[in-house]
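Residue numbers (our numbering): 121 to 470. Virtual Cβ for every residue (Gly too), placed ideally from N, Cα, C. Structure first, then comments.
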Ligand SMILES: [Zn+2]
């Protein structure tokens, strides 16, 4: 049976704009002629709703057995296989300066509506979450959206609150939720899981899964998309795909999303390998209390620390690793507001 994408005028399919910005090389400095670095495609200045619409217009194949559903919420589309199965939601751009999730959402949309990746059962909801922050190319326009998914309804009618409420409605029916992110500093990709459910940790193709220990930390993450979806019974994951501007982060975001769809049986499994990530548990979160914080050196996420090793100094005090552990998500302290985390420490559990 042929199906049409809801809300799309097929007569306009010829006026297609380029869907996804290409990678470009730019000189590192005006005077440099040999040293060039790859910059990540920027989505700033783009309407993500128009971007997703153009992808559907250009890639939609009427012979493909899926229903492409344009949702009432802008920058959100749902692909329905027509067969029973899990409802998967995949968010990119909750933070507007993290292009990997935006790329992955756009590429998944293109593959699913064109039939390049056949959807065999269930549905996939694809959404670019914080359109405003993406447009401005910033992490957030005011509040951190990934702390706004609390159970109470926001009554504020400004964009960020309205948008969060709309996204919460989309998550209500999700069985599996994946939120795609990247980090300011170089990092190995990992899944951040706000609990320690062994059944959900196993069989994921990613080097590390990081879980939380203390209830204090749980409180800090109560407003994430992951915790919101989880409170509604979904399996939910926050995936950190590498550094914002590392081109590998976008490929990782795409591949890990496809791997989840394979794992859950929505798309053909192919030759998928059984994943066995190393599992770490965070036991310490250091937050910014003063401007006088300095790391001993630029740490990389998942760098191993020996007990007693100096991490940095804060207000004249020396901060050391209380036990053999790993440092996770070290930030740039000078750029963080008071109260924001500066790093986590974690130990490996079996
Ligand atoms: Zn993020």
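Residues near residue i in its chain [Cβ-Cβ closer than 7 Å; skip 5 each side]
i: residue 258; result: 216 and 217
i: residue 238; result: 387 and 388
i: residue 284; result: 265, 268, 269 and 274
i: residue 173; result: none
i: residue 200; result: 186, 187, 189 and 243
i: residue 179; result: 230, 233 and 234
Alpha carbon of residue i to alpha carbon of residue j, nearest angstrom
i: residue 370; j: residue 278; result: 30 Å
i: residue 433; j: residue 325; result: 36 Å
i: residue 214; j: residue 171; result: 16 Å
i: residue 168; j: residue 467; result: 39 Å
i: residue 234; j: residue 294; result: 23 Å
i: residue 390; j: residue 220; result: 24 Å
i: residue 89; j: residue 177; result: Shown here, the chain extends from 121 to 470; a query on residue 89 therefore has no answer.
i: residue 351; j: residue 429; result: 38 Å
i: residue 313; j: residue 396; result: 15 Å
i: residue 303; j: residue 272; result: 29 Å
i: residue 327; j: residue 377; result: 15 Å
i: residue 197; j: residue 384; result: 20 Å
i: residue 166; j: residue 222; result: 12 Å
i: residue 393; j: residue 319; result: 17 Å
i: residue 207; j: residue 245; result: 8 Å
i: residue 413; j: residue 403; result: 20 Å
i: residue 355; j: residue 250; result: 22 Å
i: residue 282; j: residue 353; result: 23 Å
i: residue 452; j: residue 203; result: 47 Å
i: residue 447; j: residue 340; result: 19 Å
i: residue 417; j: residue 322; result: 34 Å
i: residue 440; j: residue 431; result: 5 Å
i: residue 191; j: residue 209; result: 13 Å
i: residue 311; j: residue 437; result: 32 Å
i: residue 399; j: residue 332; result: 11 Å
i: residue 368; j: residue 286; result: 31 Å
Cβ shell of residue i (< 6 Å), same chain only, five flanking positions each side left out
i: residue 118; result: Since the first residue shown for the chain is 121 and the last is 470, residue 118 is missing from the structure and cannot be characterised.
i: residue 443; result: 427
i: residue 374; result: 224 and 227
i: residue 252; result: 261 and 279
Beta-carbon proximity of residue i to residue j, cut-off 8 Å
i: residue 425; j: residue 445; result: yes
i: residue 289; j: residue 248; result: no
i: residue 316; j: residue 401; result: yes
i: residue 459; j: residue 410; result: no
i: residue 261; j: residue 280; result: yes
i: residue 297; j: residue 344; result: no
i: residue 299; j: residue 415; result: no
Residues near residue i by beta carbon distance below 8 Å, same chain, minus five either side
i: residue 306; result: 362, 363, 366, 420 and 421
i: residue 151; result: With a pLDDT of 36 at residue 151, under the threshold of 50, the modelled position of this residue cannot be trusted; read the value that follows with caution. Closer than 8 Å at Cβ, skipping near neighbours: no residue.
i: residue 254; result: 163, 164, 166, 168, 213, 216, 222 and 248
i: residue 184; result: 233, 234, 235 and 238
i: residue 457; result: 408
(message) List, from N- to C-terminal side, the alpha helix (DSSP H) runs of 4 residues or more that fit wholly inside the segment 279-317.
(response) Within the segment 279-317, the complete alpha helix (DSSP H) runs of at least 4 residues are 279-291.
(message) To test your reading of the DSSP string, which unbroken alpha helix (DSSP H) runs of 4 or more residues are found completely within the segment 217-262?
(response) Counting only runs of 4+ residues, the alpha helix (DSSP H) found wholly inside the segment 217-262 occupies 219-234 and 251-256, in chain order.
(message) At 3 residues or longer, what runs of the beta strand (DSSP E) sit wholly inside the segment 165-222?
(response) Annotation: the segment 165-222 contains the following complete segments of the beta strand (DSSP E) (minimum length 3 residues), in chain order: 187-190, 196-200 and 207-212.
(request) Just list the beta strand (DSSP E) runs in the segment 415-444, keeping only unbroken ones of 3 residues or longer that don't cross its boundaries, in chain order. (result) Listed in chain order, the complete beta strand (DSSP E) runs (minimum 3 residues) inside the segment 415-444 are 423-425, 430-434 and 437-440.
(message) Extract the residue ranges of the alpha helix (DSSP H) inside the segment 327-386, only unbroken runs of 4 or more that lie entirely within it.
(response) Within the segment 327-386, the complete alpha helix (DSSP H) runs of at least 4 residues fall at 335-340, 345-351 and 367-383.
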